[in-house]
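Chemist: Going letter by letter, the sequence shown gives residues 540 to 650 in this note's numbering.
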Amino acid sequence: MTAAAAVVTAGLLAGCSSDDSDSARDEEFRHTYCSALGSWQQEKSEAPGTDGFGGYTVVAAAKRLNREGLDREGSHILDDTAMAVGGDTAAEGRAVSYCDDSGYETLMKAG
């Protein structure tokens with residue numbers, strides 16, 4: 540009986556540590572996305588009308604969020620990001636809101 544209890548306890552502890560690493564990984568994905576979005580915004584403001592590397596980077600980061608199911612309630616981060624890179628300012632606002640809600644508002648371009 541003691542061995543069985545030890546196995547159950549070990550399984551529960553392993554599950555908890557896995558959840559913690561998934562959370563850290565999810566936060567890393569969000570941080571990467573929001574950093575890329577902020578860099579793209581900066582690039583766009585410094586060279587209006589250019590389609591720089593930053594657009595590709597932020598869309599690639601959005602694809603990862605989408606693949607991992609890390610959209611926030613009501614957000615469609617991949618669609619919003621692709622539309623933002625295409626020039627849709629409302630979609631850009633929704634992408635920025637995603638980062639604000641995720642706690643990365645300081646990575647966004649002010650104003």
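Even glycine gets a Cβ: it sits at the ideal position worked out from N, Cα and C.
Bear in mind that the values here come from a model prediction, so they are computed numbers and not experimental data.
May I ask which residues mark the beginning and end of the alpha helix (DSSP H) holding E631?
Modeler: One-based indexing of the sequence shown puts residue 631 at position 92. Where E631 is concerned, the enclosing alpha helix (DSSP H) starts and stops at T628 to D640.
Chemist: Could you tell me the boundaries of the alpha helix (DSSP H) in which Y595 lies?
Modeler: Locating residue 595 in the sequence shown gives position 56, where the first residue counts as 1. Y595 -> alpha helix (DSSP H) spans F592 to E607.
Chemist: So for R588, helix, strand or coil by DSSP?
Modeler: Within the sequence shown, residue 588 is the residue found at index 49, counting from 1. Contrary to the premise, residue 588 reads as Gly rather than Arg in this sequence. G588: coil per DSSP, three-state reduction.
Chemist: What does the alpha-carbon distance come out to for the pair R569 and A621?
Modeler: Residue 569 sits at position 30 when you count from the first residue of the sequence shown. Residue 621 sits at position 82 when you count from the first residue of the sequence shown. C-alpha separation (whole angstroms): 16 Å.
Chemist: Do you know offhand how far D558's Cα is from G593's?
Modeler: Here residue 558 refers to the residue found at position 19 of the sequence shown. Here residue 593 refers to the residue found at position 54 of the sequence shown. Residue confidence for D558 is low, a pLDDT of 49 falling below 50, so the modelled location carries little weight; the figure read from the coordinates is stated next. The straight-line gap from Cα to Cα measures roughly 32 Å.
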